[in-house]
Amino acid sequence: MGRYTPPVAQRLGMGTGSGSEARLEILARLLDSRWRVPGTGIRFGADALMSLLPGVGPVVSTVVSAYIIWEARRLGVSGGTLLRMIGNVGLDSLISSVPLAGSVGDVFFRANLRNMALLRRHMGRQNHKPR
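What the sequence shown shows, in our numbering, is residues 39 to 169, in sequence order.
So this is what it looks like as structure tokens:
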């Protein structure tokens with residue numbers, strides 16, 4: 039019997055990936071591109087909204103982003119890829135630390151979606167290893 043893939047994961051094109059991958063994809067999209075500015079193609083997520091809260095917002099956002107990296111490590115992502123993911127979150131944290139302008143930066147620099155692309159690339163390599 040096959041693995042159950044939640045409907046939202048199917049809509050995201052995740053096929054029959056693991057539950058962890060689907061959960062991380064949903065979280066990354068919530069943080070980086072959940073809502074769209076009406077009349078534009080500009081998307082933003084909870085990360086940009088949290089940046090509006092001085093001090094606590096960027097910290098909470100960074101902690102949630104760190105969870106994605108922690109899960110990627112648990113899924114067996116290589117050290118080099120983990121360093122790239124940490125760099126993405128570090129740059130996002132630096133951008134978010136600038137009051138008001140950080141929210142605008144968060145709209146255009148989507149660290150969590152970048153990290154999910156790295157994770158998908160890793161998982162694709164895992165699924166296609168010669169036996």
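Ideal placement from N, C-alpha and C gives every residue a C-beta, glycine not left out.
Might you give, ordered along the chain, the residues of its own chain that have their beta carbon closer than 8 Å to the beta carbon of arginine 111, omitting 5 neighbours on each side? Counting from one through the sequence shown, the residue named residue 111 turns up at place 73. Excluding positions up to five away in sequence, the list reads Leu120.
Between leucine 87 and serine 134, what straight-line distance do the alpha-carbon atoms span, to the nearest angstrom? By 1-based counting over the sequence shown, the position of residue 87 is 49. By 1-based counting over the sequence shown, the position of residue 134 is 96. Those two C-alpha atoms are separated by around 10 Å.
Is glycine 155 buried or exposed, if buried means 16 or more other CB atoms sit within 10 Å of its CB? Residue mapping note: residue 155 aligns to position 117 of the sequence shown, counting from 1. Looking at the sequence itself, residue 155 is alanine, so the reference to glycine does not match. By the 10 Å Cβ count, alanine 155 comes out exposed.
Exposed unless 16 or more other CB atoms sit within 10 angstroms - verdict on arginine 152: Reading the sequence shown from its first residue, position 114 is the one you call residue 152. Using a 10 angstroms sphere on the CB of arginine 152, the tally of other CB atoms reaches 16 or more, which defines it as buried.
Between Asn126, Ala104, Gly95, which has its C-alpha nearest phenylalanine 146's C-alpha? The residue given as residue 146 occupies position 108 in the sequence shown. Considering only alpha carbons, the answer is Asn126.
Restricting to Cα atoms, I'd like to know which of Gly117, Leu90, Pro76, Ala84 is closest to proline 137. To locate residue 137, count along the sequence shown from 1; it is residue 99. Comparing Cα-Cα distances from proline 137 to each of Gly117, Leu90, Pro76, Ala84, the minimum goes to Leu90.
Length of the line joining the Cα atoms of leucine 113 and threonine 100: By one-based count along the sequence shown, residue 113 stands at place 75. By one-based count along the sequence shown, residue 100 stands at place 62. Approximately 20 Å between the Cα atoms of the pair.
Would alanine 139 be called buried (16 or more neighbouring beta carbons within 10 Å of its own) or exposed? On the sequence shown, position 101 is the one that residue 139 refers to. Exposed, since its Cβ has fewer than 16 Cβ neighbours within 10 Å.
First through last residue of the alpha helix (DSSP H) which encompasses proline 96: The residue you call residue 96 lines up with position 58 of the sequence shown. 94-112 is the span of the alpha helix (DSSP H), which, as asked, contains proline 96.
So, using beta-carbon positions, are arginine 81 and tryptophan 73 closer together than 8 Å? Start at 1 with the first residue of the sequence shown, and residue 81 comes out as number 43. Start at 1 with the first residue of the sequence shown, and residue 73 comes out as number 35. Going by C-beta atoms, arginine 81 is nearer than 8 Å to tryptophan 73.
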